[in-house]
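**Student:**
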Amino acid sequence: MTSGVPIPQTNPKAGYLAHQVEIDAALRRVVDSGWYILGPEVAAFETEFAAYIGLEHAIGVASGTDALELALRGCGVGPGHAVFTVSHTAVATVVAIERCGAEAVLVDIDPATYTLDPSALGCAIARLRGVRPAAVVPVHLYGQAADMSAILAIARRHDLRVIEDCAQAHGSRLAGRMAGTWGDAAAFSFYPTKNLGALGDGGAVVTADAAIAGSVRELRQYGWRERYISAVPGVNSRLDELQAAVLRVKLRHLDADNRRRRAIAAAYRTVLAEAPLGLPVCRSGAEHVYHQFVIHAATRDRLQAGLQRRGIGTLVHYPQPVHRQPAYAGRLAHGDLSHSEQAAASVLSLPMYPELDEAQVARVAASLCACLIQEATVSP
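As structure tokens, this is what we get:
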């Protein structure tokens with residue numbers, strides 16, 4: 007049934023090829039320099055990324071998971087503390103919380119936007135017993151920010167730190183403010199499929215707070231304040247020069263790539279407007295950057311199989327909420343997570359990357375419509 011070359015759900019190689027000349031020159035510059043760890047490329051990227059986000063400090067680290075862990079630790083979060091976050095997220099969010107020694111308390115999502123529900127956060131704080139509430143990690147999922155005004159109001163009432171998980175929100179804005187500028191600190195991932203992706207792992211912590219920035223800089227390199235002398239227990243989590251050089255190139259193209267993602271999303275919406283599907287909901291005042299274009303359908307698994315037969319790649323982000331995964335089931339505090347469970351059963355991510363051309367976008371949408379028609383003919 008496949009017609010034409012298969013279309014993958016994401017394609018990081020296409021992102022490299024789109025900027026190959028610039029990236030190859032940047033890589034050659036690093037190789038020729040002889041300086042490969044925490045050198046001039048990392049320093050330049052940190053300056054450029056901080057300026058792009060609109061904050062004073064950016065600290066490059068080895069991954070997005072490390073960025074979130076070190077941001078939490080830099081904010082003083084550790085053993086004996088509770089950190090509130092969502093269950094409908096990449097498991098890395100909870101991994102980072104537990105790696106800093108804190109306990110994750112899972113909160114349900116708003117079913118329209120899939121981001122943290124502020125009312126559920128308030129209930130979770132009121133229910134908490136036996137551990138001190140210390141922070142909340144709102145996840146800016148799929149490319150748009152959570153309801154930060156409401157979340158911040160609750161957090162400030164309870165003296166909670168706010169650390170934004172911006173792994174899927176590079177360049178996203180809410181009420182004119184960039185994602186990552188609302189809380190005490192924010193963590194970014196530069197995994198190759200992200201809107202701003204490296205050619206390997208990488209991450210960054212951003213903050214306006216000099217003390218948090220200084221703490222994260224120490225923590226990322228063994229807790230050193232002077233070479234070989236650890237002032238605090240730290241880790242080895244350094245963004246390398248090659249990845250920083252690639253990110254400097256791709257940062258220059260991020261806004262254009264995000265505009266292309268919005269154009270692809272608009273094209274999908276036009277064709278699918280009357281389809282029996284749930285389409286992405288954009289929060290009022292939000293500028294979505296469509297890290298993913300996520301539909302939801304009761305027949306998700308059959309639609310995914312039908313699209314695969316037609317050569318259309320899709321992914322489920324995410325097939326199990328964290329509290330249902332074997333490593334975490336039964337041991338994380340949470341209340342009602344019914345919206346998270348419903349999302350896991352129905353969401354499907356269509357192909358989304360800036361290098362998709364108009365014909366490919368049209369083919370994806372047409373293939374989905376064909377699958378829906380087939381579903382209608384076989385349903386009782």
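Take 7 as the starting number for the sequence shown in my numbering and just add one per residue.
Quick reminder that beta carbons are idealized off the backbone N, C-alpha and C, glycines included.
Treat the numbers as computed from the prediction; the structure is a model and nothing was measured.
Determine the contact status of Gln-180 and Gly-291, defining contact as a CB-CB distance below 9 Å.
**Tutor:** Checking the sequence shown, residue 180 turns out to be Leu, not Gln. In this structure, Gly-291 lies closer than 9 Å to Leu-180 by Cβ.
**Student:** Tell me the DSSP bridge mates of Ser-236?
**Tutor:** Looking at the DSSP assignment, Ser-236 forms a beta bridge with Trp-230.
**Student:** Run through DSSP, which three-state label would His-302 get?
**Tutor:** DSSP places His-302 in strand when its eight states are reduced to three.
**Student:** Note the first and the last residue of the continuous beta strand (DSSP E) segment covering Thr-213.
**Tutor:** Thr-213 -> beta strand (DSSP E) spans 209-213.
**Student:** Could you work out which residue in His-176, Ala-64 and Val-97 is closest to Leu-260 when comparing CA atoms only?
**Tutor:** Of the listed residues, the one whose Cα sits closest to Leu-260 is His-176.
**Student:** Under the three-state reduction of DSSP, which class applies to Asp-246: helix, strand or coil?
**Tutor:** DSSP places Asp-246 in strand when its eight states are reduced to three.
**Student:** Let me know if Thr-276 comes out buried or exposed under the rule of 16 or more other beta-carbons within 10 Å of its beta-carbon.
**Tutor:** Answer is exposed; the Cβ neighbour count stays below 16.
**Student:** Taking 8 Å as the line, does the beta carbon of Gly-319 fall inside it for any heavy atom of the ligand GTP?
**Tutor:** In the structure shown, the ligand GTP is absent, as is every other ligand, since no ligand is present at all.
**Student:** Assuming Val-143 and Val-89 are in contact, meaning their beta carbons sit under 8 Å apart, how far apart are those beta carbons, in whole angstroms?
**Tutor:** Indeed, because the Cβ distance is near 6 Å, the residues count as touching under 8 Å.
**Student:** Less than 7 Å between C-beta atoms, sequence neighbours within five positions excluded: which residues of the same chain meet that for Tyr-197?
**Tutor:** Closer than 7 Å at the Cβ level, and outside the excluded window around Tyr-197, lie Gly-70, Gly-203 and Asp-207.
**Student:** So, at 6 Å on beta carbons, what are the nonlocal neighbours of Val-367 in its own chain, with the 5 sequence-adjacent residues on each side left out?
**Tutor:** For Val-367, where only same-chain residues beyond five positions count, the Cβ hits under 6 Å are Ile-270 and Ala-273.
**Student:** DSSP state of Val-143, grouped into three classes?
**Tutor:** In this structure, Val-143 counts as coil in the three-state DSSP scheme.
**Student:** Quick check on Ser-344: buried or exposed, where buried means 16 or more other Cβ atoms within 10 Å of its Cβ?
**Tutor:** That one is exposed.
**Student:** If we call anything under 9 Å between Cβ atoms a contact, is Gly-284 one with His-302?
**Tutor:** Yes, the pair counts as a contact, with Cβ atoms nearer than the cut-off.
**Student:** How far does the beta strand (DSSP E) with Ala-161 in it extend, from its first residue to its last?
**Tutor:** Careful: Ala-161 lies outside any beta strand (DSSP E), inside the alpha helix (DSSP H) at 154-163.
**Student:** Exposed or buried, Tyr-42, counting other C-beta atoms within 10 Å across all chains shown (16 or more means buried)?
**Tutor:** Result: exposed.
**Student:** Does the Cβ of Asn-242 have 16 or more other Cβ atoms within 10 Å, making it buried, or fewer, making it exposed?
**Tutor:** Exposed: under 16 other Cβ atoms inside 10 Å.
**Student:** Who are the near neighbours of Arg-246 in its chain, counting only those whose CB is closer than 7 Å to its CB and skipping five residues on each side?
**Tutor:** For the sequence presented, residue 246 should be read as Asp rather than Arg. Answer for Asp-246: Tyr-42 and Ile-43, listed in chain order.
**Student:** Of all the options Cys-172, Glu-364, Val-97 and Leu-78, which has the alpha carbon lying nearest to the alpha carbon of Arg-330?
**Tutor:** Selected option, being the one with the closest Cα: Val-97.
**Student:** In chain order, what residues of the same chain have a beta carbon less than 6 Å from the beta carbon of Leu-309, not counting five sequence neighbours either side?
**Tutor:** Closer than 6 Å at the Cβ level, and outside the excluded window around Leu-309, lie Ala-303 and Cys-377.
**Student:** With distances taken Cα to Cα, identify the nearest neighbour of Thr-99 among Asp-38, Glu-75, Arg-79 and Pro-117.
**Tutor:** The candidate whose alpha carbon is nearest that of Thr-99 is Glu-75.
**Student:** Drop a sphere of 10 angstroms on the beta-carbon of Tyr-148, count the other beta-carbons inside from all chains shown, and report buried for 16 or more, exposed for fewer.
**Tutor:** When all chains shown are included, Tyr-148 counts as buried.
**Student:** By the 10 Å Cβ neighbour count, where 16 or more other Cβ atoms means buried, how is Gln-418 classified, buried or exposed?
**Tutor:** This structure leaves residue 418 out entirely; the chain is present only between 7 and 386.
**Student:** Consult DSSP for Val-168 and reduce its assignment to one of helix, strand or coil.
**Tutor:** Of the three classes helix, strand and coil, the one that applies to Val-168 here is strand, per DSSP.
**Student:** Might you give, ordered along the chain, the residues of its own chain that have their beta carbon closer than 7 Å to the beta carbon of Cys-81, omitting 5 neighbours on each side?
**Tutor:** Contacts found: Ala-141, Arg-167, Ile-169, Asp-190, Ala-191 and Ile-218.
**Student:** What does DSSP give as the partner residues of Gly-284 in its beta bridges?
**Tutor:** Its beta-bridge partners are His-302.
**Student:** What's the call for Leu-1, buried or exposed, on a 16-neighbour Cβ count within 10 Å?
**Tutor:** Nothing about residue 1 can be reported from this structure: the residues present for the chain run from 7 to 386 only.
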